[in-house]
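Novice: Using this note's numbering, the letters of the sequence shown correspond one by one to residues 910 to 1037.
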Amino acid sequence: MEIEATLQEFLRSTVAKSRRDRLIEFASKPKTRPKFLDLMYHDMGSLFDSSVTVEALPEEAWSQPGLAFAPPATFGAPYPTLRDAFDAHANDDTGCLIITLNGEFGAWFDHTYVDTCAFVRVPARGAA
């Protein structure tokens, strides 16, 4: 699956309904991607539906290929594993969203004011 499609499906499956369409619109157009990336600073963590946030990701998630999205211009940078993506951006002054290449797992973290992290797992298809 291409990067944009993976991100859009991840957002469709994890972001609260009230903000989902606008966020996907920002992420899908090159002209508005900077707005999407700006959300990494503070807002992204509050946009996830509470039903998809988990306390930690399973080890299987960390070993899968990953993609990183971070301001000002990192959009879908590939990494061999999600752990590599996390480690590469762990000390950034900005926020970062990392997702697995299959779009099943993700993590968002922000270090601008307070260290914040949200882990996300997409529900299995057909799960309530």
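Beta carbons are placed, not taken as given, at the ideal position from N, Cα and C, and that holds for glycine.
Classify Ala982: buried if its beta carbon has 16 or more other beta carbons within 10 angstroms, exposed otherwise.
Specialist: Counted from its first residue, the sequence shown places residue 982 at position 73. Exposed is the call here.
Novice: Got a sec? Which residues, its chain only, sit under 8 angstroms from Val963 by beta carbon, not counting five neighbours each side?
Specialist: Residue 963 sits at position 54 when you count from the first residue of the sequence shown. Same-chain partners within the cutoff: Phe1028, Val1029, Arg1030.
Novice: Tell me whether Ala914 is buried or exposed, calling it buried when 16 or more other Cβ atoms sit within 10 Å of its Cβ.
Specialist: The count along the sequence shown starts at 1 and reaches residue 914 at position 5. Ala914 should be labelled exposed.
Novice: Can you have a look at Ala965 and say buried or exposed, based on whether 16 or more other CB atoms are within 10 angstroms of its CB?
Specialist: The residue given as residue 965 occupies position 56 in the sequence shown. Exposed: under 16 other Cβ atoms inside 10 Å.
Novice: Can you tell me where the alpha helix (DSSP H) with Phe935 in it begins and where it stops?
Specialist: Start at 1 with the first residue of the sequence shown, and residue 935 comes out as number 26. Taken as a continuous stretch (DSSP letters only), the alpha helix (DSSP H) holding Phe935 covers 926-937.
Novice: So, with DSSP's three-state summary, where would you put Leu1006?
Specialist: Numbered from 1 along the sequence shown, position 97 holds the residue referred to as residue 1006. Three-state DSSP puts Leu1006 in a strand.
Novice: Exposed or buried, which one is Asp1019 when buried takes at least 16 other CB atoms within 10 Å?
Specialist: In the sequence shown, counting from the first residue as 1, residue 1019 sits at position 110. Buried.
Novice: List the endpoints of the continuous alpha helix (DSSP H) containing Asp993.
Specialist: Mapped onto the sequence shown, residue 993 falls at position 84. From DSSP, the alpha helix (DSSP H) with Asp993 extends over 991-998.
Novice: Can you tell me whether Glu1013 is buried or exposed, with buried defined as 16 or more other CB within 10 angstroms of its CB?
Specialist: Locating residue 1013 in the sequence shown gives position 104, where the first residue counts as 1. Flag for Glu1013 reads buried.
Novice: Does the Cβ of Thr941 have 16 or more other Cβ atoms within 10 Å, making it buried, or fewer, making it exposed?
Specialist: Indexing the sequence shown from 1 puts residue 941 at position 32. Counting Cβ neighbours within 10 Å, Thr941 comes out exposed, since fewer than 16 surround it.
Novice: Is it buried or exposed, Ala1033, if we count other Cβ atoms within 10 angstroms and call 16 or more buried?
Specialist: Translated into the one-based positions of the sequence shown, residue 1033 becomes position 124. Exposed, because fewer than 16 other Cβ atoms sit within 10 Å of the Cβ of Ala1033.
Novice: Please work out which residues of its chain come closer than 7 angstroms, Cβ to Cβ, to Ser950, disregarding the five sequence neighbours upstream and downstream, and give them in chain order.
Specialist: Here the question's residue 950 lines up with position 41 in the sequence shown. It is Tyr, not Ser, that sits at residue 950 in the sequence shown. So the qualifying residues of the chain are Pro980, Thr1003, Gly1004, Asp1019, Thr1021.
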